[in-house]
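In this text, residue positions in the sequence shown follow my numbering: the first is 276, and each later residue adds one.
Notes for the one structure printed next.
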Amino acid sequence: MNQRFESAKQLYANAGVDAEAALKTLAEIPVSVHCWQGDDVLGLEGATSLSGGIQTTGNYPARARNFEELKADLHLAFSEMPGKKRLNLHANYAILGDELGKIDRDEYRPEHFAPWVAFAKEEGLDGIDFNPTFFAHPKMKDGLTLSSPDEEIRKFWVRHGKACLKIAAYLGKEFGKPCLVNIWIPDGFKDVPADRLSPRLRLKKSLDEMLEGYDKKWVIPAVESKVFGIGVESYTVGSNEFYQNYAATRGICCLLDNGHYHPLEYVSDKIPALLAFYDKVALHVSRGVRWDSDHVVVFEDELKEIAKEVVRNGGTDRVMIALDYFDASINRISAWVTGQRSMQKALLYALLLPNGKLKELQEKGDFTQLMFLQEQVKLLPLGDIWSEYLARQKVCENYYEKIMTYEAKVLKERV
Ligand code: RNT
Ligand code: ZN
Numbered sequence: 276m277n278q279r280f281e282s283a284k285q286l287y288a289n290a291g292v293d294a295e296a297a298l299k300t301l302a303e304i305p306v307s308v309h310c311w312q313g314d315d316v317l318g319l320e321g322a323t324s325l326s327g328g329i330q331t332t333g334n335y336p337a338r339a340r341n342f343e344e345l346k347a348d349l350h351l352a353f354s355e356m357p358g359k360k361r362l363n364l365h366a367n368y369a370i371l372g373d374e375l376g377k378i379d380r381d382e383y384r385p386e387h388f389a390p391w392v393a394f395a396k397e398e399g400l401d402g403i404d405f406n407p408t409f410f411a412h413p414k415m416k417d418g419l420t421l422s423s424p425d426e427e428i429r430k431f432w433v434r435h436g437k438a439c440l441k442i443a444a445y446l447g448k449e450f451g452k453p454c455l456v457n458i459w460i461p462d463g464f465k466d467v468p469a470d471r472l473s474p475r476l477r478l479k480k481s482l483d484e485m486l487e488g489y490d491k492k493w494v495i496p497a498v499e500s501k502v503f504g505i506g507v508e509s510y511t512v513g514s515n516e517f518y519q520n521y522a523a524t525r526g527i528c529c530l531l532d533n534g535h536y537h538p539l540e541y542v543s544d545k546i547p548a549l550l551a552f553y554d555k556v557a558l559h560v561s562r563g564v565r566w567d568s569d570h571v572v573v574f575e576d577e578l579k580e581i582a583k584e585v586v587r588n589g590g591t592d593r594v595m596i597a598l599d600y601f602d603a604s605i606n607r608i609s610a611w612v613t614g615q616r617s618m619q620k621a622l623l624y625a626l627l628l629p630n631g632k633l634k635e636l637q638e639k640g641d642f643t644q645l646m647f648l649q650e651q652v653k654l655l656p657l658g659d660i661w662s663e664y665l666a667r668q669k670v671c672e673n674y675y676e677k678i679m680t681y682e683a684k685v686l687k688e689r690v
């Protein structure tokens, strides 16, 4: 018997919280793990640089350079991640084989992702989510894709989107669970535009064309807004207001990335605001430091607030959680595991709050007791419940040592 767990469980019970129930729920909350932390978002099409207003910084050695290396690194990462996992893929991670360099993104087909399906099944994952890749490509013209005034360019990207929705339907069917398709485009301008409306009207038209006839059973489309990007500081076509209205009128989903707002805005507060109108909301959990820097997710205050809003508002039936960060300054596998564990820790923290009681105090207007209790529960022994969770999930507390051994043996060979 784990004494520390038993005594922690009692302390939580005294506060009116069932720790066993929290552990059970936590094990069932899927977190979608992004493939792009492993290779600095470069993908498998042979790209050597990133573009589209996003950037990975740092030059820690041994990024995964091909499918085999990425799979090996992900395998280690998954083995150190507790709980239910999904894999989040981008279209530029297609396994093209002989067709590499011969076909373009508008011709990608489900079979190019079959090896990923096999891998995800071997890893026992819950499913795969998908993202069209509208960046790092020569057909981004003047920084524009779906909002381009050049019809040929705009249509190319609509075709890419359509191809991705077909791939997503295949992915959803393979796992018997819908595939979330997140649409993020880099379109915008570095300097003050002369016309802010036309690009948005073109984006609206492109999205309508793209979403025509998608498979509603297996695909959940979402749109991800953004306030600015590197080199795209003055204007973003896919802004928050644009996408929220688009999603609301088209019956699709909004995706909130917590690096994509003014630093004083909080995504935690946006979740229930959207849930008042939408059945589902999707998240890209990231950590912006002063800007949309995509630092590794750690167990900090806003993450806890986000987790509270997930747990208190219908859980993951309504809020779909995906990770989105890319750090090339530290061991990338450790970055993956740290971020996923942080997300899980925050969810556990939220599940271990006396949420019913706190809500009741708010409704009664007893703000004195509400503050007292909210402060008191902060120091309950979360760590002891977390350790028990890791033990039950059969993962070690210390993932660092294992990853360092892999670094010494495997990553060192990547020169
Ligand atoms: C960019 C968006 C987008 C990407 C990934 C790679 O600012 O956050 O979600 O990070 O699609
Ligand atoms: Zn994102």
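Beta carbons are placed, not taken as given, at the ideal position from N, Cα and C, and that holds for glycine.
Just so we're clear, the structure is a prediction, and the values are computed from it rather than from any experiment.
Which whole-angstrom value describes the C-beta separation of residue i and residue j, a residue pair presumed to lie in contact below a C-beta threshold of 8 Å?
i, j, result
"residue 457", "residue 499", "6 Å"
"residue 657", "residue 596", "That belief does not hold up - the Cβ atoms of residue 657 and residue 596 are roughly 19 Å apart, past 8 Å."
"residue 310", "residue 365", "7 Å"
"residue 328", "residue 504", "2 Å"
"residue 436", "residue 465", "Not really, about 25 Å apart at Cβ, beyond 8 Å."
"residue 331", "residue 348", "No, residue 331 and residue 348 are not in contact; Cβ-Cβ is about 15 Å, not under 8 Å."
"residue 663", "residue 410", "Residue 663 to residue 410, Cβ: 42 Å. No contact."
"residue 686", "residue 305", "Not confirmed; about 28 Å, so no contact."
"residue 535", "residue 567", "6 Å"
"residue 405", "residue 442", "6 Å"
"residue 414", "residue 428", "6 Å"
"residue 574", "residue 543", "Wrong, their Cβ atoms sit about 14 Å apart, outside the cutoff."
"residue 588", "residue 547", "6 Å"
Could you compute how far the alpha carbon of residue i sits from the alpha carbon of residue j?
i, j, result
"residue 684", "residue 615", "24 Å"
"residue 609", "residue 389", "27 Å"
"residue 488", "residue 438", "12 Å"
"residue 641", "residue 631", "14 Å"
"residue 385", "residue 446", "8 Å"
"residue 585", "residue 468", "38 Å"
"residue 603", "residue 510", "28 Å"
"residue 407", "residue 351", "26 Å"
"residue 490", "residue 496", "10 Å"
"residue 476", "residue 530", "20 Å"
"residue 396", "residue 360", "11 Å"
"residue 346", "residue 392", "12 Å"
"residue 378", "residue 545", "40 Å"
"residue 340", "residue 394", "17 Å"
"residue 646", "residue 629", "13 Å"
"residue 644", "residue 290", "13 Å"
"residue 276", "residue 532", "41 Å"
"residue 651", "residue 322", "51 Å"
"residue 674", "residue 478", "44 Å"
"residue 672", "residue 613", "11 Å"
"residue 599", "residue 562", "9 Å"
"residue 592", "residue 300", "12 Å"
"residue 344", "residue 368", "13 Å"
Taking the CB atoms as reference points, tell me whether residue i and residue j lie closer together than 8 Å.
i, j, result
"residue 582", "residue 553", "no"
"residue 560", "residue 572", "yes"
"residue 362", "residue 308", "yes"
"residue 302", "residue 358", "yes"
"residue 579", "residue 621", "yes"
"residue 403", "residue 387", "no"
"residue 420", "residue 462", "yes"
"residue 317", "residue 325", "yes"
"residue 556", "residue 594", "yes"
"residue 655", "residue 627", "yes"
"residue 355", "residue 433", "no"
"residue 659", "residue 283", "yes"
"residue 521", "residue 482", "yes"
"residue 338", "residue 607", "yes"
"residue 601", "residue 569", "yes"
"residue 312", "residue 661", "no"
"residue 633", "residue 619", "no"
"residue 426", "residue 353", "no"
"residue 423", "residue 416", "yes"
"residue 452", "residue 401", "yes"
With distances taken from each beta carbon to the nearest heavy atom of the ligand ZN, which residues come in below 5 Å, in chain order? 532, 559 and 599
Considering only residues of the region 310-373, which uninterrupted beta strand (DSSP E) runs meet the minimum length of 3 residues and lie entirely inside it, listed in chain order? 360-365
Which runs of the beta strand (DSSP E) at least 3 residues long sit entirely within the region 587-641? Give them in chain order. 594-598
Curious, which full-length beta strand (DSSP E) runs of at least 3 residues does the region 428-464 contain? 454-458
Within the region 510-591, ranges of the alpha helix (DSSP H) (whole runs, at least 4 residues): 515-525, 542-550 and 576-587
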